[in-house]
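Working notes, structure below.
There are 2 protein chains.
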Amino acid sequence: MEKGKYGEHRVLQPSNGCLPQAAWKIDNTPEILSNEILIDADILNITSTAFNALKRRNNGDKERIKAEILAIVAERGKFQCPDTGSGGMLVGRIEKIGEDLLGKVDLVEGETIATMVSLTLTPLFLQEITEIDVDTDQVFVKGKAILFESGIYAKMSPHLSKALCLAAMDVAGAPGWTAKYVHAGDKVVVIGTGKAGLLCLHEAKKRAGNTGLVIAIDSSEAQCQLVRDAGVADHVLCMNAQDNLAVMREVDRLTNGTLADFVVNTVNTDSTEMSSILSCKDHGKALFFSMSTVFSKVALGCEGVGKEMTLLVGTGYTKGHAEIVYQILLENDVIRSYFERVYGG
Amino acid sequence: MEKGKYGEHRVLQPSNGCLPQAAWKIDNTPEILSNEILIDADILNITSTAFNALKRRNNGDKERIKAEILAIVAERGKFQCPDTGSGGMLVGRIEKIGEDLLGKVDLVEGETIATMVSLTLTPLFLQEITEIDVDTDQVFVKGKAILFESGIYAKMSPHLSKALCLAAMDVAGAPGWTAKYVHAGDKVVVIGTGKAGLLCLHEAKKRAGNTGLVIAIDSSEAQCQLVRDAGVADHVLCMNAQDNLAVMREVDRLTNGTLADFVVNTVNTDSTEMSSILSCKDHGKALFFSMSTVFSKVALGCEGVGKEMTLLVGTGYTKGHAEIVYQILLENDVIRSYFERVYGG
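If you read the sequences in order, they're chains A and B. Quick note on the working numbering: the first sequence kicks off at 375 and runs consecutively. Quick note on the working numbering: the second sequence kicks off at 375 and runs consecutively.
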């Protein structure tokens with residue numbers, strides 16, 4: 375097969391022309407074609423979904439977890455949890471840039487990057503697993519990985535620790551898109567104030583500005599207090615976002631009946647879709663980040679209440695998202711301290 | 375409970391304040407509050423999903439199907455298939471408009487409308503089922519229904535038969551949104567050329583105009599021929615939309631490598647999400663109409679190929695969608711004949 379920008383040339387099984395993510399087995403030969411980048415892999419950041427499955431299957435035994443990861447990668451040429459289908463990302467140094475990409479990518483050999491595409495589509499060749507940190511789901515390795523022409527990556531910030539950069543990047547899509555969708559004077563609702571939600575709030579407050587209005591919603595009083603301390607919302611509602619009608623009534627009250635121009639939902643529990651829709655004005659925009667979002671609940675729910683809205687599927691990537699999230703951590707001491715406390719400084 | 379625009383005052387079970395669609399039982403008393411509209415119900419257009427389940431449970435026996443529909447509505451105050459959760463819509467005459475809505479809705483008493491909100495949230499009181507048409511999934515009734523303040527509806531076209539209006543309205547959201555998203559000169563891909571896809575194609579061709587480019591994709595040669603006869607595409611690709619990479623290559627070729635500005639997906643089979651994403655250019659828009667769309671496949675798939683796109687959830691309603699779809703049927707003889715042939719003239 376001709377070499378493709380999506381790495382389709384590395385698919386080994388099935389043979390009917392799928393992409394690497396959908397493939398069962400990909401070619402992990404650690405030698406690059408002219409449109410690929412070779413990475414000296416350092417850390418695998420396994421998703422918590424996949425890492426919990428690994429721990430469960432191996433009773434938390436580090437050596438058994440190591441052995442299973444090595445077996446998966448040897449069999450499939452990539453890391454993908456057999457139970458959940460989930461992967462993660464990796465950190466490493468640029469070892470070699472294919473000749474077709476020289477001058478087209480803003481990378482130099484030796485530079486440290488994190489891949490922003492999933493491990494489930496990244497060719498990976500492991501020589502050894504040196505250590506596993508079961509608290510942070512990080513797997514330290516010796517090995518090589520391949521980044522395709524379409525592969526996205528982020529550089530580390532020179533002003534922040536590697537651990538902080540990684541934790542921030544993991545949710546950088548949400549504040550990145552928020553930065554692009556929020557305009558001066560907008561009324562914004564952020565549902566969920568965890569890692570992603572806090573970053574969205576900071577960005578919403580900054581972009582909507584003093585003529586805008588930002589409302590944060592979370593069921594945890596501790597998270598609500600964090601939002602207040604961080605100074606990133608005009609109003610903080612401590613309530614369950616599954617209580618769709620109550621959320622609507624509160625947002626209606628705080629916006630004097632206009633409802634929000636833009637609503638971003640970052641809650642990882644079910645049945646919060648309608649809180650986004652009911653909080654948003656007609657012709658407003660609602661952005662969904664949670665993987666627990668159900669497509670038909672959004673589509674049919676919006677139709678059921680007779681609203682005309684722009685309903686957006688959020689993705690983990692938008693151009694400049696890493697730079698946006700690093701800037702937030704430099705600007706907001708409370709949010710940075712929170713990330714350092716939870717994810718290590 | 376105070377009367378609400380979404381009919382929340384009619385929810386009987388559960389009692390914790392959900393919306394009528396999520397409710398188990400709603401109050402179907404056929405007397406309106408001042409912010410409601412009473413409809414003399416005539417035809418229930420059950421979704422094919424729900425009607426197939428009714429037929430299966432009752433071995434296709436009309437009398438048993440009738441009895442089950444009456445039992446469901448008596449128990450729950452609305453029609454909702456117990457297996458699939460699916461409903462439908464209804465046709466009837468405006469009997470009475472609540473005083474709060476007089477002058478606010480463009481309706482007069484006696485006028486025939488179709489409700490555009492689901493039967494799963496519409497209070498329904500049935501006196502009798504007079505007939506069932508098992509070919510068109512239509513249930514002829516004597517009864518009353520309630521339209522809430524937020525409820526949307528469409529009028530019949532004076533130029534088209536009622537059957538045609540109903541069949542068209544069922545999928546009117548797709549061409550309605552297509553009309554709004556396609557601009558002069560756009561390159562458009564429509565995946566799936568069934569009822570919704572054909573209407574989208576006509577609209578795409580009209581809005582993109584002679585400086586645009588419209589590509590239709592369907593695996594059925596008969597549907598492809600219909601597209602050619604209707605004159606609504608510049609290129610027709612007869613291929614399986616699950617073959618994501620092949621779709622990308624063909625669209626790439628036909629657009630001279632630029633890919634599409636806008637892709638609308640109307641295919642009701644799984645694993646076609648990536649065909650939309652791969653056919654669309656960076657910063658383009660992809661609109662998903664199929665209820666078989668999987669949220670995480672869209673979000674993670676787009677991220678996996680490193681694209682920045684506007685990913686839109688399509689809904690069955692957008693302002694003016696009925697007028698747009700009636701106009702298509704008046705403008706395009708081939709599409710109108712197809713609808714008449716399949717859904718009755």
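Built from N, CA and C at the ideal position, the CB exists for glycine as well. This structure is a prediction, so every number in the text was calculated from the model and none was measured.
{"Query": "Which ranges would you report for the beta strand (DSSP E) in the stretch 571 to 648 of chain A if only whole runs of at least 3 residues count?", "Result": "587 to 592, 609 to 612 and 634 to 639"}
{"Query": "How close, in whole Å, do the beta carbons of B/Gly451 and B/Asp414 come, if the pair is a contact with beta carbons under 8 angstroms?", "Result": "18 angstroms between Cβ atoms; not a contact."}
{"Query": "Determine the burial state of A/Asn433: buried for a count of at least 16 other Cβ atoms within 10 Å of its Cβ, exposed for fewer.", "Result": "exposed"}
{"Query": "Hey, A/Val563 and A/Ile589 are a contact pair by Cβ (cut 8 angstroms); roughly how many whole angstroms apart?", "Result": "5 angstroms"}
{"Query": "Taking three-plus beta-carbon pairs below 8 angstroms as touching, is the stretch 389 to 402 of chain B in contact with the stretch 493 to 503 of chain B?", "Result": "yes"}
{"Query": "Around the C-beta of A/Gly631, are 16 or more other C-beta atoms found within 10 angstroms, so that it is buried, or is it exposed?", "Result": "exposed"}
{"Query": "Can you round the beta-carbon distance between A/Ile487 and A/Lys554 to whole angstroms, since I take them to be within the 8 angstroms contact cut?", "Result": "About 23 angstroms; that fails the 8 angstroms criterion."}
{"Query": "Can you tell me whether DSSP reads A/Glu469 as helix, strand or coil?", "Result": "strand"}
{"Query": "Express the C-alpha separation of B/Ile411 and B/Ile468 in angstroms, rounding to a whole number.", "Result": "7 angstroms"}
{"Query": "For A/Asp617, would you say it is in contact with chain E, using Cβ-to-Cβ distances shorter than 8 angstroms as the test?", "Result": "Absent here is chain E; the protein component of the structure consists of chains A and B."}
{"Query": "Sort out for me which residues DSSP pairs A/Phe499 with in a bridge.", "Result": "A/Lys518"}
{"Query": "Which residue comes first and which comes last in the alpha helix (DSSP H) that contains A/Asp416?", "Result": "Note, A/Asp416: premise wrong, no alpha helix (DSSP H); beta strand (DSSP E) at Ile411 to Ile420."}
{"Query": "Note down, in chain order, each residue of its chain lying with its Cβ closer than 8 angstroms to the Cβ of A/Lys470, except the 5 sequence neighbours on either side.", "Result": "Ile406, Ile411, Leu412 and Glu483"}
{"Query": "Can you tell me the Cα-Cα spacing of A/Gly459 and A/Ala424, whole angstroms?", "Result": "8 angstroms"}
{"Query": "When the distance is taken between beta carbons, is A/Met622 closer than 8 angstroms to A/Leu652?", "Result": "yes"}
{"Query": "Going along chain B in order, which residues have a C-beta closer than 9 angstroms to the C-beta of A/Met613?", "Result": "Near A/Met613 there are no residues of chain B at all, since even the closest Cβ is about 12 angstroms away, more than 9 angstroms."}
{"Query": "So is B/Ile526 in contact with chain A if we call contact Cβ pairs under 8 angstroms?", "Result": "yes"}
{"Query": "Pull out every residue of the stretch 677 to 692 of chain A whose Cβ sits closer than 9 angstroms to any Cβ of chain B, in chain order.", "Result": "Glu677, Gly678, Val679, Gly680, Lys681, Glu682, Met683, Thr684, Leu685, Leu686, Val687, Gly688, Thr689, Gly690, Tyr691 and Thr692"}
{"Query": "Helix, strand or coil, according to DSSP, for B/Val508 in the structure here?", "Result": "coil"}
{"Query": "Less than 8 angstroms between the beta carbons of A/Val601 and A/Thr567, yes or no?", "Result": "yes"}
{"Query": "Kindly identify the DSSP beta-bridge partner or partners of B/Phe662.", "Result": "B/Asn639 and B/Val687"}
{"Query": "Which residue's Cα is closest to the Cα of B/Ala461: B/Thr646, B/Thr421 and B/Lys478?", "Result": "According to the sequence shown, residue 461 of chain B is Gly rather than Ala. The option with the nearest alpha carbon to B/Gly461 is B/Thr421."}
{"Query": "Per DSSP, which one or two residues make a beta bridge with A/Gly462?", "Result": "A/Ile420"}
{"Query": "Drop a sphere of 10 angstroms on the beta-carbon of A/His533, count the other beta-carbons inside from all chains shown, and report buried for 16 or more, exposed for fewer.", "Result": "exposed"}
{"Query": "Touch check for the stretch 686 to 695 of chain A and the stretch 531 to 549 of chain B: three-plus C-beta pairs under 8 angstroms?", "Result": "no"}
{"Query": "Near A/Val638, what residues of its chain come up, given a Cβ to Cβ distance below 6 angstroms and the 5 sequence neighbours on each side ignored?", "Result": "Thr552, Val564, Cys574 and Leu661"}
{"Query": "Of all Cβ atoms in chain A, is any one closer than 8 angstroms to the Cβ of B/Leu495?", "Result": "yes"}
{"Query": "I'd like to know if B/Tyr700 contacts chain A, where contact means its C-beta is closer than 8 angstroms to some C-beta of that chain.", "Result": "no"}
{"Query": "What is the DSSP secondary structure of A/Cys676, counted as helix, strand or coil?", "Result": "helix"}
{"Query": "Using a 10 Å radius around the Cβ and a threshold of 16 neighbouring Cβ atoms, would you call B/Lys579 buried or exposed?", "Result": "buried"}
{"Query": "Opposite B/Lys399 in the DSSP bridges: which residues?", "Result": "B/Gln387"}
{"Query": "Quick check: B/Tyr717 and B/Ala607, are their CB atoms within less than 8 angstroms of each other?", "Result": "no"}
{"Query": "In whole angstroms, what separates the C-alpha of A/Arg384 from that of A/Tyr700?", "Result": "34 angstroms"}
{"Query": "In angstroms, rounded to a whole number, what distance separates the CA positions of B/Leu359 and A/Thr684?", "Result": "With chain B running from 375 to 719 in the structure shown, residue 359 of chain B is simply not present."}
{"Query": "Could you tell me the boundaries of the beta strand (DSSP E) in which A/Ile487 lies?", "Result": "Thr486 to Thr489"}
{"Query": "Buried or exposed for A/Val476, going by 16 or more other Cβ atoms inside 10 Å?", "Result": "Correcting the residue type first, residue 476 of chain A is Leu in the shown sequence and not Val. The residue in question, A/Leu476, is exposed, as its Cβ has fewer than 16 Cβ neighbours within 10 Å."}
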